[in-house]
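Quick note, the sequence shown lines up with residues 123 to 166 if you use the numbering used here.
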Amino acid sequence: MADIEGLDVVSCTRCPELVDSRSQVVNGTGGPDAAVVFIGEAPG
Numbered sequence: 123m124a125d126i127e128g129l130d131v132v133s134c135t136r137c138p139e140l141v142d143s144r145s146q147v148v149n150g151t152g153g154p155d156a157a158v159v160f161i162g163e164a165p166g
């Protein structure tokens, strides 16, 4: 995973199946070599 800090992630097209349907882009944090990734939804 490349370092995305400072890049314009809003115009990213690396996931073509999401480009037309996404409404928000959310940056995450963590190690690019992590063995486990937790993905959660905000409360509400």
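For glycine and all other residues, C-beta sits at the position ideal for the given N, C-alpha and C.
Closest to residue i by C-alpha separation, out of the options, would be which residue?
| i | options | result |
| --- | --- | --- |
| V147 | F160, V159, R136 | R136 |
| E163 | P138, G150, E139 | G150 |
By DSSP, does residue i sit in helix, in strand, or in coil?
| i | result |
| --- | --- |
| S133 | helix |
| E139 | helix |
Does residue i pass the burial test, meaning 16 or more other C-beta atoms within 10 Å, or should it be called exposed?
| i | result |
| --- | --- |
| S133 | exposed |
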